[in-house]
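Undergrad:
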Amino acid sequence: MGAGELHGRKAEQDAIAELLAGARAGTSSSLVLRGDPGIGKTALLDHAAAAAGDMRLLRGTGGEYEAELPFSGLQLLLRPALGSRAALPVPQREALEAAFGLGPATGSEPMLVGLAVLSLLAEHAAETGLLCLVDDAQWLDRASRDALLFAARRLHAEGVVIIFAARDGEGSFPSPGLAELRLSGLAPEAAAALLDRHPLAPAVRYRLLAEAGGNPLALLELPVALAAEGGSAFAPGALPLTGRLQLAFHGQVSRLPEPCQSLLLVAAADETGELVVILRAAAALGAGVEDLIPAERAGLVVRGDADGTTIRFRHPLVRASVYQRAPLAQRLAVHRALAAALGAPEHADRRAWHLAAAATGVDEEAAAALERTAARARERSGHDAAAAAYERAARLSAEPAAKAHREALAAEAALEAGDLERARALGARAAGRLEGAPAVQARIAQVRALADFWQGSYPAAHRTLLDGADLVRDTDPGQAAVLLIQAVHTSWYLGERQLAATLDRLSALPLDDADPLAPVGPYLGRLVRDRAEPPPPLGDVLAAVRRRGRAPDQVLMILCGSALALGQDADAYELATALAAGHRARGGAGRLPTALFFVAEAEVFTGRHLDALATATEALGLVRDTGQRQWASQFASVLAYLDAAKGDEAACRRNAEEGLAGATAGAASPGAPWAHWSLGLLGLGLGRAEAALARFERLTREPMRHHICATRSTPDLVESAVRVGAPERAAEPLARFERWAGSVRQRWADALVLRCRGLLAADDRAEAFYTAALELHDRDGRALEYARTALLYGEWLRRARRKAEARGSLQDALEVFERLGMRPWAERARGELTATGAPDRAPRPAGGAAAALTPQELQIVRLAAQGLSNRDIAAQLFLSHRTVGYHLYKAYPKLGIASRGELKDFADRLGL
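Residue numbers (the numbering used here): 1196 to 2107.
1. Taking buried to mean at least 16 other C-beta atoms within 10 Å of its own C-beta, is Ala-1709 buried or exposed?
2. Measuring alpha carbon to alpha carbon, tell me which of Gly-1842, Ala-1856 and Ser-1832 ends up nearest Asn-1850.
3. I think Gly-1298 touches Glu-1292, with their Cβ atoms under 8 Å apart; what is that distance to the nearest whole Å?
4. Per DSSP, which one or two residues make a beta bridge with Thr-1859?
5. Counting beta carbon pairs with one atom in the stretch 1560-1571 and one in the stretch 1579-1596, are three or more of them shorter than 8 Å?
6. Whole angstroms are fine: how far does the CA of Glu-1406 sit from the CA of Leu-1434?
7. Go through its chain and collect everything with a Cβ distance to Gly-1432's Cβ below 7 Å, but skip five positions before and after it.
8. Should Ser-1339 and Gly-1257 be called a contact, given that it needs their Cβ atoms to be closer than 9 Å?
9. Can you tell me the Cα-Cα spacing of Val-1939 and Pro-1714, whole angstroms?
10. How far does the alpha helix (DSSP H) with Phe-1345 in it reach, from first residue to last?
11. Using beta-carbon positions only, say whether Leu-1666 and Ala-1634 come within less than 9 Å of one another.
12. Leu-1214: buried (16+ other C-beta within 10 angstroms of its C-beta) or exposed?
13. Grouping DSSP H, G and I as helix and E and B as strand, with all else coil, what is Gly-2108?
14. Nearest to Leu-1969 by alpha carbon, out of Ala-1561, Ala-1476, Leu-1307 and Trp-1943?
15. Answer yes or no: do Leu-1701 and Gly-1690 have a C-beta to C-beta separation smaller than 9 Å?
16. How many angstroms separate the CA atom of Gly-1720 from the CA atom of Leu-1877?
17. Give me the Cα-Cα distance between Leu-1390 and Gly-1408, rounded to the nearest whole angstrom.
18. Considering only the beta carbon of each residue, do Gly-1651 and Thr-1859 sit closer than 9 Å?
19. Give the straight-line distance between the Cα atoms of Leu-1404 and Ala-1317, rounded to the nearest whole angstrom.
20. Note down the Cα distance separating Trp-1991 from Arg-1974, rounded to an integer number of angstroms.
21. With distances taken from CA atoms, which of Ile-1639, Ser-1915, Val-1285 and Asp-2035 is nearest Ala-1889?
22. Rounded to whole angstroms, what's the CA-CA distance from Trp-1548 to Arg-2066? Just pull it up for me.
23. Is Phe-1932 near Cys-1904, with beta carbons less than 9 Å apart?
24. What residues in its chain sit with their C-beta under 7 Å from that of Ile-1246, if we drop five residues either side in the sequence?
25. Under 6 Å Cβ to Cβ from Ser-1427, same chain only, skipping five residues before and after it: list those, please.
26. Nearest CA to the CA of Ala-1626: which residue from Gly-1663, Leu-1565 and Leu-1591?
27. Terminal residues of the continuous beta strand (DSSP E) containing Val-1355?
28. Do Leu-1954 and Ala-1961 have their C-beta atoms within less than 9 Å of each other?
29. So, with DSSP's three-state summary, where would you put Arg-1743?
30. Is the Cβ of Leu-2048 closer than 9 Å to any Cβ of chain C?
31. Could you tell me whether the Cβ atoms of Asp-1330 and Gly-1255 are closer together than 9 Å?
32. If you compare alpha carbons, which of Leu-1678, Tyr-1653 and Gln-1519 is closest to Trp-1687?
33. Tell me the rounded alpha-carbon separation between Gln-1823 and Gly-1785.
34. Checking 9 Å against the spacing of the C-beta atoms, do Leu-1264 and Glu-1466 come in under that value?
35. Restricting to Cα atoms, I'd like to know which of Ala-1388, Ala-1387, Ala-1386 and Arg-1362 is closest to Leu-1376.
36. What does the alpha-carbon distance come out to for the pair Phe-1429 and Thr-1437?
If you want it as structure tokens, here you go:
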């Protein structure tokens, strides 16, 4: 149907018109159309294409048999836009070319292809805008789907519209975060108008209206089938509607000449519609190009592109009916013919899958070809396709060892693809076939443990890692060390006892001193052992590792968290920012949030709340855009802390609730420690000391008492206990905090100990503790800690009737609280100042000019102030350069400047 021939779809047409109008104005958007087969999704895409006018158009369709070939759907969609790829940053261009087989494999991060797609769409949109249409999105290969969804979620100001059409009940197209429009059957009046295209007897007309249920394709096709079969094609209700439509199409196909049917079966089994391949395979079955004419006349196939080099079926159900209703022997013959027709090296992957489809039992030739295909897919970051190829290769393998080897590779690829259930199942299957291969068993244990961990099964993951390490403890201590260091991470969520036991195993490993991980174990051991001497600086540990070789990024991440637990905030921040910079440079959007978590923690601990807000907001957006739900609770909890500091109770509770979600039996939610600290700080700031104390006390119990938040929140617990008149409830936590501070040997930690002692001391001793704490505090590097102590000291001085002396401390505290936007604390300091007789004054705006910026604007403005171009900024933040320009345009008026040149000149003055 053309754009003007749709019946009963005015609301849907209006929604599409609104998206197109937005694109013409420079705004980007996306939409997912969902519904049953034949419900009108394709007709709406046709309508959108016709309504796009002078906008550029990209159009593609997922193929049911393309799911095993990584980026195949994406390549077909973007083929007309590839001429714009020269404008992409080099890493993005190389990743895209590698994904499409146009350049060497780069081993790039999976999401770098998604970023390249985003940049390419922005370039191709040019000044007229771009409409991108994807039909049958449920059949897109996983790599194409992930790249397109990443791009769709990061669109903002490029003038790009992406509309996906996905069928209910088949395949999978999860699209959280994208707008959806579900199509239902046509209203009776619209259905009747559509059916009126066919002259029908009243009884037949009534029957078809009832049978079709408002499905437009059924209203168009069933009358044709009934007429061809003399009104007896099938009994009412004998088959589901989709089955009746397939049967109707099959009836049309079965009336065609045999050579034509053979050629259609080849086209149905092929995934690209390339005529040259289809005709080459069909020739082996006795069919030629002239045999396509009857199918064209019947409207079953149409030209797939303007130059006539491809063909496609009029509707996916036509293709399904041709393939599914063909006898097995014919399908096998067609796949053999296609495998023979795809002999060129560039078609090796397609050939491998056709060989597999033609196999009727074990087939080592097909298995080996699929293993090579899987390796190529993995090099191109097509991990889901690699897992499918390895798994199919395993099924075709004759030897048990080869079968287990390929299943182990499939498990690893499935884990990299994020298919955790599949990874666990494949790992278990491979482990069951292996005997006497401890190194492979240990690899499989690592896969199964990580799958358990990312699904929240921390106890199972921990046990599997320990068992895997035991398998290779004596034969490969280096591999055992990797497993045990990962077990340190899992034990962190289980409790202090499990952490200590894991560290004991790690320290007992017979690890060669030349191994890069040799310096790591002793450093991690300090997490549970207080010693007289301070732990070595993280920088020294990293230098010792580098002298011996290279440690995996995951080990470096664990060192970041351990450094924070040992009070080495500056060292941890330096390593985390370096890791984050590396992930940005490589386009590692999926790995970046892990590093950003430690960056955000260090920023919170040093009182840089505006920085922490920008970091955590960016990271939370990335984890949602890349589907990493396990990190969402942790970043939401960090945001809850920042909300608590500002006194935003509703936002704090909302984010804390997300942080507390996901707890499992025997383990807290990953975001729970930050969530409890946040709710406690909220209560303390709002004067609800008893509720605050209850929250802080939860952190002193297992399984969280060893967590960083439990340690760092102890001064807040002490203040809450004093405020409720129960200082004894702070005794044990403070003693633990004092032991920790004594072992880490940090001046700021000693200052916090002195603050706590001042709170608990009698009046004749408190002042000495407060003044000593203020001497130790880093007033510039950790201003918030200084301000909290200054507030308590100022309150003590006012109570001692030393009002003039109190004003200085209270004024110092107020300035910091106002700058950080900590409203409850500023009000408390302001009230104390008023009580000293100081003149009351109105609150000052928080944070200077930079506080008016959104977190994303702040990040972009900072990078622009460093001299980075819009394209450079876009690559770092996983945005398009047009979106960067849009945010700068919005930021300049807020900062009171008009150009980039002014931004560079006044960056310091603006607090950027």
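We put the beta carbon where it would ideally sit given N, CA and C, even for glycine.
Note that this is a predicted model, so its numbers are computed, not measured.
TA: Inspection of the coordinates gives the following:
1. Ala-1709 comes out exposed.
2. Of the residues Gly-1842, Ala-1856 and Ser-1832, the one whose Cα lies closest to the Cα of Asn-1850 is Ser-1832.
3. Yes, they are in contact, since the Cβ atoms of Gly-1298 and Glu-1292 sit about 3 Å apart, within 8 Å.
4. BP columns for Thr-1859 point to Ala-1862.
5. The stretch 1579-1596 is in contact with the stretch 1560-1571.
6. Only weak support is given to the placement of Leu-1434: the predicted model assigns it a pLDDT of 47, under 50, and the value that follows is read from those uncertain coordinates. Rounded to the nearest angstrom, the gap between the Cα atoms of Leu-1434 and Glu-1406 is 10 Å.
7. Low local confidence applies: a pLDDT of 47 at Gly-1432 is under 50, so the model's placement there is unreliable, and no value is given.
8. Yes. Within cutoff.
9. Roughly 18 Å separates the two Cα atoms.
10. Run containing Phe-1345: 1337-1349, per the alpha helix (DSSP H) assignment.
11. Yes, Cβ-Cβ distance for Leu-1666 and Ala-1634 is below 9 Å.
12. Residue burial annotation: Leu-1214 is buried, with at least 16 other C-beta atoms found within 10 angstroms of its C-beta.
13. Since the first residue of the chain shown is 1196 and the last is 2107, residue 2108 is not available in this structure.
14. Per the Cα distances, Trp-1943.
15. Contact flag unset, no.
16. One C-alpha to the other measures close to 34 Å.
17. Distance between the alpha carbons of Leu-1390 and Gly-1408 is about 12 Å.
18. In this structure, Gly-1651 places its C-beta atom within 9 Å of the C-beta atom of Thr-1859.
19. When rounded, the distance between both Cα atoms is 45 Å.
20. Taking the straight line from one Cα to the other gives about 20 Å.
21. When only C-alpha atoms are compared, the closest one is Ser-1915.
22. C-alpha separation (whole angstroms): 40 Å.
23. Result no, Cβ atoms of Phe-1932 and Cys-1904 do not sit closer than 9 Å.
24. In the sequence as displayed, the identity of residue 1246 is Ala instead of Ile. Taken in chain order, the residues that qualify are Ala-1198, Ile-1211, Ala-1212 and Leu-1215.
25. Confidence in Ser-1427 is poor, its pLDDT being 48 and thus under 50, which makes the residue's placement unreliable; the coordinate value appears in the next sentence. Cβ neighbours of Ser-1427 beyond the five flanking positions: none.
26. Minimum Cα distance to Ala-1626 is reached at Gly-1663.
27. Per DSSP, Val-1355 belongs to the beta strand (DSSP E) from 1355-1362.
28. With contacts defined as CB atoms closer than 9 Å, Leu-1954 and Ala-1961 qualify as a contacting pair.
29. In this structure, Arg-1743 counts as helix in the three-state DSSP scheme.
30. No chain C appears in this structure, which consists of one protein chain only.
31. Cβ distance < 9 Å, so Asp-1330 and Gly-1255 count as in contact.
32. Closest option to Trp-1687, Cα to Cα, is Tyr-1653.
33. A straight-line Cα-Cα distance of about 8 Å links Gln-1823 and Gly-1785.
34. Going by C-beta atoms, Leu-1264 is nearer than 9 Å to Glu-1466.
35. The residue from Ala-1388, Ala-1387, Ala-1386 and Arg-1362 with its alpha-carbon nearest to that of Leu-1376 is Arg-1362.
36. In this predicted model, Phe-1429 has a pLDDT of only 46, less than 50, meaning its place in the structure is not dependable; the value taken from the coordinates is given anyway. Those two C-alpha atoms are separated by around 13 Å.
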